[in-house]
Amino acid sequence: MSKTQFVCRDCGNTTAKWLGQCPACHAWNTLEEFRVPKKPAGGGRPTTGMLAETSTVALLSDVPVDTVPRLPTGLAEFDRVLGGGMVPGSVVLIGGDPGIGKSTLLLQALTRMSQDQPVLYVSGEESLAQVALRAARLGIDGRTLPMLAEISLAHITQAIAQVRPAVVVIDSIQTMMSDDLTSAPGSVSQVRDCAAQLTRLAKQQGVAVVMIGHVTK
């Protein structure tokens, strides 16, 4: 049976029982219930989400960096910030105020990348029709760009397994929802759990994951 805890949506503090006031940030009525997945027998890790393969200790000098391919985005300044492009298995967070162009930037980058490798753009905020209208205004040809309008993390991981993309864009992490939690999308517990599951997926499958995050505070 899963364990129940309560997380403050303002500061992320966790308590074992519900309280009217968060003991950490002293905000009122901000604690939300969520379920902690039960650990499997034998003391292993929870089975929730995608688990990476067991890692081994290695000397830094023995890591073959020359064999790690970079995936250029086709946008010179973006590639410069990324050190030459995206690395398979990496996780990148693009944060900023709502409406400053994060989605537009990644829509343009992913469209260019789709010419050379499989990609997937997941939109949790806009419908496919809204994204298509924005792409048309920007003059973007989306014939090679697979799109998915979804907020369920379980359905998104299934789509990633089917498409097997080299790069996935999540727009945005605040709209994603894990079925393991009862709190609403955008809450501290949902954002934290969804980000953790996407990170494990990236490491396991070697997919470069780009998450858009809105800075609202």
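Going by this note's numbering, the sequence shown opens with residue 28, and the numbers climb by one from there.
Don't be surprised by glycine CBs; every beta carbon is placed ideally from N, CA and C.
Computed from a predicted model, the values in this text were never measured in an experiment.
- In this structure, DSSP gives Met140 a helical state, which the three-state scheme calls helix.
- Under DSSP, the beta-bridge partners assigned to Val34 are Thr41 and Glu59.
- Secondary structure note for Val95: it is in no beta strand (DSSP E), with a DSSP letter that is neither H nor E.
- A Cβ-Cβ distance of about 19 angstroms is found for the pair Leu155 and Met140, leaving them out of contact under the 8 angstroms criterion.
- Inter-residue distance for Ile127 and Ile239 is about 12 angstroms (C-alpha atoms, whole angstroms).
- In the three-state DSSP reduction, Asp198 falls in the strand class (E or B).
- Taking the Cα of Val95 as reference, the smallest distance to any Cα among Thr83, Thr138 and Ser117 is reached at Ser117.
- Using a Cβ distance threshold of 9 angstroms, Val196 and Leu137 count as a contacting pair.
- Taking the Cβ atoms as the reference, Thr202 lies roughly 16 angstroms from Gly123, outside the contact range of under 8 angstroms.
- Burial of Arg36 is indicated by the presence of at least 16 other C-beta atoms within 10 angstroms of its C-beta.
- With a cutoff of 9 angstroms on beta-carbon distance, Gln144 and Val108 are scored as not near each other.
- When DSSP assignments are scanned along the segment 152 to 226, the uninterrupted stretches of beta strand (DSSP E) that are 3 or more residues long and fall wholly within it turn out to be 174 to 176 and 194 to 198.
- For the set Met113, Gln142 and Val158, the Cα lying nearest the Cα of Thr131 is the one of Val158.
- Between Val242 and Pro192, the gap from beta carbon to beta carbon reaches 9 angstroms or more.
- In the structure shown, the three-state DSSP call for Ala51 is coil.
- No Cβ-Cβ contact shorter than 9 angstroms links Leu165 with Gln224.
- Annotation: Ala85 is outside any beta strand (DSSP E) and is labelled neither H nor E by DSSP.
- Contact annotation, Leu102 with Gln135: C-beta distance approximately 7 angstroms; criterion of less than 8 angstroms satisfied.
- The criterion of a C-beta distance shorter than 9 angstroms is satisfied by Ile178 and Met204.
- Straight-line spacing of the CA atoms in Met113 and Gln217 works out to 26 angstroms.
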